[in-house]
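The opening position of the sequence shown corresponds to residue 1 in this note's numbering, with each subsequent residue numbered one higher. Written out below as structure tokens is the structure these notes cover.
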Amino acid sequence: QVQLVESGGGLVQPGGSLRLSCTGYGFTFSDYGMTWYRRIPGKERELVALISTSLGAFYTDYADSVKGRFTISRDDAKNTVYLHMNSLKPEDTAVYYCNRRYSNLWGQGTQVTVSS
């Protein structure tokens, strides 16, 4: 079955760190770019980060709101993409979703709450 399974959300204090994971099943993971989105209550879904592959090289890009704090990476041997989140702020509180780029394949979402 083609699916994405996420893990790693939770409650963290401001300034803290979390790592989200998203593992792909049922498709050749290394053939696809991957993205992380988030949905903040009352706001539109936001593209947070993307990682694409081309001829063995990786390209990454980030929303301005997370640049310098979040890092996207991937381990194709584990069919997994990660979102490393540092210096978390209360405004980062959201449900985070991974997505296979240019497709309608989404993970189930994982809640990240930044609060003291």
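Just so you know, even glycine gets a beta-carbon here, dropped at the ideal spot from N, CA and C.
Self-check item: T93 versus S115: straight-line alpha-carbon distance, rounded
Solution: Within the sequence shown, residue 93 is the residue found at index 93, counting from 1. Within the sequence shown, residue 115 is the residue found at index 115, counting from 1. As the crow flies, the alpha-carbon of T93 is around 8 angstroms from that of S115.
Self-check item: Cut-off 6 angstroms between Cβ atoms - residues of its own chain near T80, not counting five sequence neighbours on either side
Solution: For the purposes of this step, residue 80 is identified with residue 80 of the sequence shown, where counting begins at 1. When the five nearest sequence neighbours on each side are left out, the beta carbons in the same chain lying within less than 6 angstroms of the beta carbon of T80 are those of S21 and T23, in order along the chain.
Quiz item: When the Cα atoms are used, what is the spatial distance from R100 to Q13?
Solution: Mapped onto the sequence shown, residue 100 falls at position 100. Mapped onto the sequence shown, residue 13 falls at position 13. Cα-Cα distance, rounded: 30 angstroms.
Quiz item: DSSP state of D75, grouped into three classes?
Solution: Stepping through the sequence shown from its first residue, residue 75 is reached at position 75. Three-state result, D75: strand.
Exercise. Kindly provide the ranges of any beta strand (DSSP E) runs that are 3 or more residues long and lie completely inside the stretch 8 to 66, ordered along the chain.
Key: As summarised for the stretch 8 to 66, the continuous beta strand (DSSP E) elements at least 3 residues long and confined to that stretch are 10 to 12, 18 to 25, 34 to 39, 46 to 54 and 57 to 62, given in chain order.
Exercise. Take the Cβ of E44 as the centre, count every other Cβ of all protein chains shown within 10 Å, and call the residue buried at 16 or more, exposed below.
Key: Counting from one through the sequence shown, the residue named residue 44 turns up at place 44. E44 is exposed by the Cβ-count criterion.
Quiz item: Going straight from the alpha carbon of M119 to that of D76, what length do you get?
Solution: No answer is possible for residue 119: the residues shown for the chain start at 1 and end at 116.
Quiz prompt | Span of the beta strand (DSSP E), counted from its first residue to its last, around T93 | solution = Your numbering for residue 93 matches position 93 in the sequence shown. If you look at T93, you'll find it isn't in any beta strand (DSSP E); DSSP assigns it neither H nor E.
Quiz item: Could you give the distance in angstroms between the alpha-carbon of Y102 and the alpha-carbon of G16?
Solution: The count along the sequence shown starts at 1 and reaches residue 102 at position 102. The count along the sequence shown starts at 1 and reaches residue 16 at position 16. When rounded, the distance between both Cα atoms is 31 angstroms.
Quiz item: Looking at C-alpha atoms only, which residue of K89, G107 and Y82 is the closest neighbour of A49?
Solution: Locating residue 49 in the sequence shown gives position 49, counting from the first residue. Put simply, of K89, G107 and Y82 the residue whose alpha carbon is nearest the alpha carbon of A49 is Y82.
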